[in-house]
Amino acid sequence: MEMRAGFRKSLRGIEDSILMMGGMVADSLDRSMEALKNRDLVLAQKVIDNDAGINNKRFEIENKCIEVIATQQPLASDLRVIIAALNIIVELERIGDYGVGNARIAIMIGDEPPLKPLIDLPRMTEKTIDMLKRSLKAYINLDAGAAKQIGQEDIDIDNLYDQIYRELVLFMVSDPRTITRATRLMWVAHNLERGADRVTNICERIVFLVTGKMEESEDSKY
Amino acid sequence: MELKSKMETKDLNFYYGNYQCLINFNLVIKEHQITALMGPSGCGKSTFLRVLNRMNDLIPNARVEGKVLLDGQDIYAPGVDAAEIRKRVGMVFQAPNPFPKSIFENVAFGPRMLGVNNKFALSEIVEKSLQGAALWNEVKDILSKSGLALSGGQQQRLCIARAIAVEPEVILMDEPASAIDPTSTLRIEALMQDLKEKYTIAIVTHNLQEAARVSNWTAFVYLGEVVEYGKTADIFQHPKDKRTEDFITGRFG
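Chains as they are written, first to last, in my numbering: chain B, 785 to 1006; chain W, 8 to 260.
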């Protein structure tokens, strides 16, 4: 006879759903970059179409959280789990939107000649996805230390963004015909940079969940 | 999965003398579910519960109109044995009320009244009932001790064991945890989730949070009428009737 078995099951269900949503979002970032690299417009469209699934997941989790609050009166750490979940799903949904943004840019670019082989943008994507996946692991394991560490890695993303930005400006300055393509790629970098910022927000929420305190991590450069 | 109706009232009107306490009360108690009745004091919840097992028969001037069905049969039809109904529809009361007897005798009392005299059979029933009430491990070595010597939470579980010893089909609980500490309350709520696998449960409570935590279905009763009935999650998140909303949010009560 487990005490509050139904409630515990609901909390685990919310956790599992967040992991699932995180996986969907990581896929969105990964596949949109794949589409950009390989000029795969069909893949890009799939990313856009799949975003509805991410949004639905968000509302499904939100509804579950509201039901738990209404019927189970969570307190203390249980309450923080629910509040953290409500915030994390918003961040995840926005990161998913950045993946869609990049997929749309892939479609806009179409089969225009590439400025150069994409190297730093895929690196930025991989790093963002890695931070995202580790942050969700920290969420499950209630690991505030890992969450803080991941938050600090945002500087690596900012540095990559710097690099990409400078390189693209150079392209534009040396050849105005590259301006359209370069600004689109800059926007991709911007989306990834914002995605990593959102992961940092998730990490702040994990620290809150564990310690009960909201501590803002260091300001991003951008 | 379609949920069956275990008990149902149809156009139930109940009177204490000239005072009408329940008005056109139509409610379904679904099988193997926990149904909570909530509402302000004096709205008729406990009266309704006592209608379900004919406890109000014992009150002079009490009058029932309409039908109260148990498995489709009207329990107030002429010729129906009230004692038989009370065996099938048991009650656990607000304040734990074990008999001033041993723990064993508390649980064995009902079966004895029903004619079980064999010592071995009674021991089996007592053990099974105390296990069913999640009390066996705590009292198995002190069965001869007085039931009154147990803590409040244990006494209430003893009363639950006593109720299930006669193998009812429905268990009615009138504010079962209002007189008990919070930890024991949660234990009893966990027990209710187990009990509903075997029985059907209807509970009256003043404690909204308890109704929200423990029940599958909730009815809001006001001035003798069912104002709203539905899935507990729906009632507590988006009630349809403004009176329900006002009650749940504490705007009146």
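Ideal placement from N, C-alpha and C gives every residue a C-beta, glycine not left out.
CB residue i to CB residue j, shorter than 9 Å?
i, j, result
"leucine 19 of chain W", "isoleucine 36 of chain W", "no"
"glycine 46 of chain W", "phenylalanine 254 of chain W", "yes"
"aspartate 881 of chain B", "lysine 911 of chain B", "no"
"valine 96 of chain W", "leucine 29 of chain W", "no"
"asparagine 834 of chain B", "serine 812 of chain B", "yes"
"methionine 908 of chain B", "isoleucine 934 of chain B", "no"
"proline 118 of chain W", "glutamine 162 of chain W", "no"
"alanine 168 of chain W", "leucine 137 of chain W", "yes"
"isoleucine 948 of chain B", "aspartate 981 of chain B", "no"
"isoleucine 845 of chain B", "serine 801 of chain B", "yes"
"alanine 928 of chain B", "leucine 993 of chain B", "yes"
"phenylalanine 21 of chain W", "glutamate 91 of chain W", "no"
"valine 211 of chain W", "phenylalanine 32 of chain W", "no"
"threonine 16 of chain W", "threonine 225 of chain W", "no"
"aspartate 64 of chain W", "alanine 89 of chain W", "yes"
"lysine 971 of chain B", "glycine 885 of chain B", "First, the amino acid is wrong: residue 971 of chain B is tryptophan here, not lysine. Cβ atoms of tryptophan 971 of chain B and glycine 885 of chain B: closer than 9 Å."
Using a Cβ-Cβ distance under 9 Å, would residue i count as near chain W?
i, result
"arginine 842 of chain B", "no"
"isoleucine 850 of chain B", "yes"
"arginine 796 of chain B", "no"
"alanine 854 of chain B", "yes"
"alanine 789 of chain B", "yes"
"glutamate 786 of chain B", "yes"
"glutamine 857 of chain B", "yes"
Does any CB atom of chain B fall closer than 9 Å to the CB of residue i?
i, result
"leucine 193 of chain W", "yes"
"threonine 239 of chain W", "yes"
"glutamine 200 of chain W", "yes"
"glutamine 162 of chain W", "no"
"glutamate 196 of chain W", "yes"
"arginine 220 of chain W", "yes"
"glutamine 216 of chain W", "yes"
"isoleucine 243 of chain W", "According to the sequence provided, residue 243 of chain W is phenylalanine. The question's isoleucine does not apply to it. True, the Cβ-Cβ gap to chain B drops below 9 Å."
Bridge partners for residue i per DSSP, in chain order?
i, result
"phenylalanine 32 of chain W", "W:Leu19"
"tyrosine 236 of chain W", "W:Ala226"
"methionine 14 of chain W", "W:Ile36, W:Leu77"
"glycine 97 of chain W", "W:Ile178"
"serine 109 of chain W", "W:Ser153"
"isoleucine 210 of chain W", "W:Ala43, W:Met180"
Could you check how far apart the C-beta atoms of residue i and residue j are, in whole angstroms? I think they sit under 8 Å.
i, j, result
"threonine 251 of chain W", "valine 228 of chain W", "Not confirmed; about 10 Å, so no contact."
"arginine 989 of chain B", "alanine 868 of chain B", "5 Å"
"tyrosine 206 of chain W", "proline 175 of chain W", "6 Å"
"cysteine 810 of chain B", "isoleucine 913 of chain B", "Residue identity check: residue 810 of chain B is alanine in the sequence provided, not cysteine. Confirmed, Cβ separation roughly 5 Å."
"arginine 815 of chain B", "valine 831 of chain B", "5 Å"
"alanine 170 of chain W", "methionine 120 of chain W", "That pair is no contact at about 13 Å."
"glycine 139 of chain W", "isoleucine 110 of chain W", "No, glycine 139 of chain W and isoleucine 110 of chain W are not in contact; Cβ-Cβ is about 14 Å, not under 8 Å."
"glutamine 216 of chain W", "isoleucine 850 of chain B", "Going by Cβ atoms, the distance from glutamine 216 of chain W to isoleucine 850 of chain B rounds to 16 Å, so no, they are not a contact pair."
"alanine 922 of chain B", "glutamine 200 of chain W", "Contact doesn't hold; Cβ gap of about 33 Å is too wide."
Residue ranges of each beta strand (DSSP E) within the stretch 140-182 of chain W, 3 or longer:
177-181
Which whole runs of the alpha helix (DSSP H) in the stretch 25-88 of chain W are 4 residues long or more, in chain order?
List check, alpha helix (DSSP H) in window: 52-59.
In the stretch 823-903 of chain B, which residue ranges form an unbroken alpha helix (DSSP H) of at least 4 residues, counting only runs that do not cross its ends?
825-856, 860-893
Which ranges does the alpha helix (DSSP H) cover as unbroken runs of at least 4 residues, wholly within the stretch 899-979 of chain B, from first to last along the chain?
Qualifying alpha helix (DSSP H) stretches, in chain order: 904-925, 928-936, 938-958.
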